[in-house]
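Just below is one structure, and these are the notes that go with it.
There are 2 protein chains.
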Amino acid sequence: MTIKDIARRSGYAVGTVSRVLNGHPDVSDEARERILAVVRETGFQPNGNARHLKQRGSRDIAVIVKGAGNLLFARILEETQARIKAADKTAAVYYLDEEDNEVEQAIRVTRELKPLGIVFLGGNKGNFLGAFDQVKCPCVLVSTRGDELGFPNLSSVSTDDVTGSERAMGFLLDAGHRRVGVIGGESAVVSPELQCNTSQLRLAGCMQACTRRGVPFDPVRQTAQVRYSMEGGYQGANELLDQDPEITALFAMADVMAIGALRAIRDRGLRVPEDVSLVGYDGIEQGSYTVPRLATIRQGADRLARRGVEILLNQIEGPAAAVHEIVPFQLVEGESVRSI
Amino acid sequence: MTIKDIARRSGYAVGTVSRVLNGHPDVSDEARERILAVVRETGFQPNGNARHLKQRGSRDIAVIVKGAGNLLFARILEETQARIKAADKTAAVYYLDEEDNEVEQAIRVTRELKPLGIVFLGGNKGNFLGAFDQVKCPCVLVSTRGDELGFPNLSSVSTDDVTGSERAMGFLLDAGHRRVGVIGGESAVVSPELQCNTSQLRLAGCMQACTRRGVPFDPVRQTAQVRYSMEGGYQGANELLDQDPEITALFAMADVMAIGALRAIRDRGLRVPEDVSLVGYDGIEQGSYTVPRLATIRQGADRLARRGVEILLNQIEGPAAAVHEIVPFQLVEGESVRSI
DNA sequence: CTGAAAGCGCTTACAG
DNA sequence: CTGAAAGCGCTTACAG
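Keeping their order, the protein sequence lines are chains A and B. Counting the first sequence from 1 gives a position; the working numbering is that position plus 661. Counting the second sequence from 1 gives a position; the working numbering is that position plus 661.
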């Protein structure tokens, strides 16, 4: 079943059928009705490949999500889709694995879907530096900063990782904890010029919290570098507690890791927060269902989504300069930290 | 940058470029090298729309996943992708929302991607009955039964929901529990002929477990119908405990609901398993990180994936009759049930 | 308002 | 082994 069949059955030419299908105004009511009737009765749906091959000016906004299992992104995505729909555009969502290159995907999408704009949920700066200049449409990077990238068509909305992390760590320090372990991803040693990835930024926040309070912090001994997963958190907690059994608190750079850490602490016969206090990061739903409820830094998922879409739509309307926005986070005290 | 540009730059015709790009054998080594060199230096990637518009005989297998947030599916998907890759095919994954119609998607995909076959991760029988006869390629439905559907090109691999659920409920009954609440999805009253959805099958299992042990079960009073989510589980547990505070055990038809129930029980000042025992279903990773660890029915995710792909590949090779396979489940005792 | 025709970027018989 | 050409199913100026 193609547009040709619809044309034959309705007695109109394919061009007219196409116009009806795309809601063009310059068609007679009679033609519209007759064609739509045929479409309905045949259940015809146009071939997207053919359509995109030629079409310019779609109403699509592509959303590229890095990590189908990322619960924070899942939450942001939901709101992003709703906002896009509310703006009378259609969202085309592409899920990528953690390791996939989102910019390559974006390049493919610009060629094949020709979207009005692209929302990136998560992204790796290295990938952008490599090839982002090949994508010309307005884009917005949600949840990680994009200002240093310096692309005129790339805006960003994010939480301040350094400050958020400083707050989390500060929460522990201010509760009297001095021996604190940090579970995060790869961050090597932090150098001020090269604060690339999220783990590095959050580690910088930890150090800042310590420095400001005159508490020593040894990134080598007090840090475990693991994957952002429950299992990673489990391993990280064990590693740190093995190394220093006197640790009284752990900060996990993501709630999923904190959930793993919670279990690891229990498996060592210790309790949260009586023996070990625990803070996570992100504020995913999951963290409010654990026993005890997780203390965490809640990123404003809805606000990230809303501003991301607003900024993007704005850029699509009339090309403006890229904007880089920081949205506030919130410390959730939960039940997993105790004062000592 | 199109195939035409590559043709011009390499000095060959577009047809030859196309053959090289698609790995056809009938090209001279010289042509292949020169063309590949140009492709490499330009970073050219063919337009998928144009490619799919004409191409027959792709090496793609489509995977349609219902529910991006379904952790069981996430696990199955991972293995499914690996198996497809191992068979030297490429997996094209489509994520759908819970409410989206997977069969409509399949119809679109068959037209636009022309895949060798389709794997459905989850599916609604109603959707299949409606329109599945429009998809002609071999398909396999993973995690829900497809035998009663009776399509010659639709195989299935699943866990026996009735028996699995009977086992979960039996575990509680055999531990001495008599007042057991069941948290599930919509299931109305079970009628033997119309056991359509998963909730109904699992409810049937519960009733079977009771019947066989001579324990009365009142589906109206002992059942809460909620969404398959943590929040749903939270509400369901509260509903049941409000109605009958003497309940000593809960069975949640999915681990995500059990996680919500766990929190609800705690919020009522009760403990698992001392005051209320709890069993889930699915065996997602999450359930082994809760405190206490969840008792559950573990579905064999890897095996579901492996057999699903094997069966599909087999159908693709030489068309055979549809097969409907049941893979075993496993009771995980966890730490959330106590004997009374 | 409608039709006829060109063209999107590929693939694929068909010749040679 | 390679090229020229038809065609996949649409959209979109261009006439009328």
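No residue lacks a Cβ here, since even glycine has one placed at the ideal position from N, Cα and C.
Under 7 Å by beta carbon: chain B residues contacting Asn710 of chain A: Asn710, His713, Leu714, Glu773
Expected contact under 8 Å - CB spacing of Thr820 of chain B and Ile987 of chain B to nearest Å: 7 Å
Partner residues on chain A for Arg888 of chain B, Cβ-Cβ distance less than 9 Å: The premise fails here: Arg888 of chain B is roughly 13 Å from chain A at the closest Cβ pair, so nothing lies under 9 Å.
Three-way DSSP call (helix, strand, coil) for Phe912 of chain B in this model: strand
Anticipated Cβ contact below 8 Å, Ile920 of chain B with Thr884 of chain B, distance rounded: Wrong, their Cβ atoms sit about 19 Å apart, outside the cutoff.
As assigned by DSSP and simplified to three states, the class of Cys798 of chain A: coil
Lys775 of chain B - containing alpha helix (DSSP H), residue span: Counting along the chain, Lys775 of chain B falls outside any alpha helix (DSSP H), and DSSP gives it neither H nor E.
Straight-line gap, Gly995 of chain B to Asp822 of chain B (C-alpha atoms, nearest Å): 20 Å
Any chain A beta carbon closer than 7 Å to Ile920 of chain B: yes
Tyr950 of chain A: contacting residues in chain B (beta-carbon distance under 8 Å): Met891, Tyr895, Ile920, Gly921, Leu923, Arg924
Against chain B: residues of the region 940–970 of chain A by CB proximity under 9 Å: Glu946, Gln947, Ser949, Tyr950, Thr951, Val952, Pro953, Arg954
Among B:Arg772, B:Val700, B:Pro686, B:Leu901, nearest to Lys715 of chain B - alpha-carbon criterion: B:Arg772
Alpha-carbon to alpha-carbon, Thr872 of chain B and Val754 of chain A: 47 Å
Opening and closing residue of the alpha helix (DSSP H) in which Asp963 of chain B lies: 962–978
Within chain B, the residues that Arg769 of chain A reaches when beta carbons sit closer than 8 Å: Gln706, Gly709
Inter-residue Cα distance where the pair is Gln991 of chain A and Met830 of chain A: 14 Å
Nearest residue (CA-CA) to Lys786 of chain A, options A:Thr805, A:Pro877, A:Phe912, A:Ser679: A:Thr805
Short CB-CB distance (under 7 Å) between Arg927 of chain B and chain A: yes
Chain B contact residues for Val937 of chain A, given Cβ-Cβ distances below 8 Å: Those do not exist, as Val937 of chain A stays about 13 Å from chain B at its closest Cβ, beyond 8 Å.
Nearest-angstrom Cα separation, counted from Leu834 of chain B out to Thr824 of chain A: 52 Å
Within 7 Å, strictly: CB atoms of Gln869 of chain A and Glu827 of chain A: yes
DSSP state of Gly825 of chain A mapped onto helix, strand, coil: helix
Enclosing alpha helix (DSSP H) for Ala698 of chain A [first to last residue]: 690–703
Val984 of chain A, DSSP secondary structure in three states: coil
Contact the region 972–987 of chain A vs the region 757–765 of chain A: 3+ CB pairs below 8 Å: no
Sequence-distant residues of the same chain with beta carbon closer than 8 Å to Glu854 of chain B, five excluded per side: Confidence at Glu854 of chain B is low in this model, with a pLDDT of 48, below 50, so the placement of that residue should be treated as unreliable; the coordinate-derived value is given next. Excluding residues within five positions, none has a Cβ falling inside 8 Å.
C-beta contact flag for Ile779 of chain A and Ala723 of chain A at 7 Å: yes
C-beta neighbour in chain B for Val681 of chain A, strict 7 Å: no
Which of helix, strand or coil DSSP assigns to Asp943 of chain A: strand
Counted within 10 angstroms of its Cβ, other Cβ atoms place Ile844 of chain B as buried (16 or more) or exposed: buried
At least 3 beta-carbon pairs within less than 8 Å: the region 970–977 of chain A vs the region 940–947 of chain A: no
Every unbroken beta strand (DSSP E) inside the region 747–790 of chain B [3 residues or more]: 751–757, 778–782
Residue range of the alpha helix (DSSP H) that includes Ser816 of chain A: Where Ser816 of chain A is concerned, there is no enclosing alpha helix (DSSP H), although the beta strand (DSSP E) it sits in stretches over 815–819.
Glu854 of chain B (DSSP reduced to helix, strand or coil): With a pLDDT of only 48 at Glu854 of chain B, under 50, the local geometry of the prediction cannot be trusted, and no value is derived from it.
Exposure label - Asp721 of chain B; buried when at least 16 CB within 10 Å: buried
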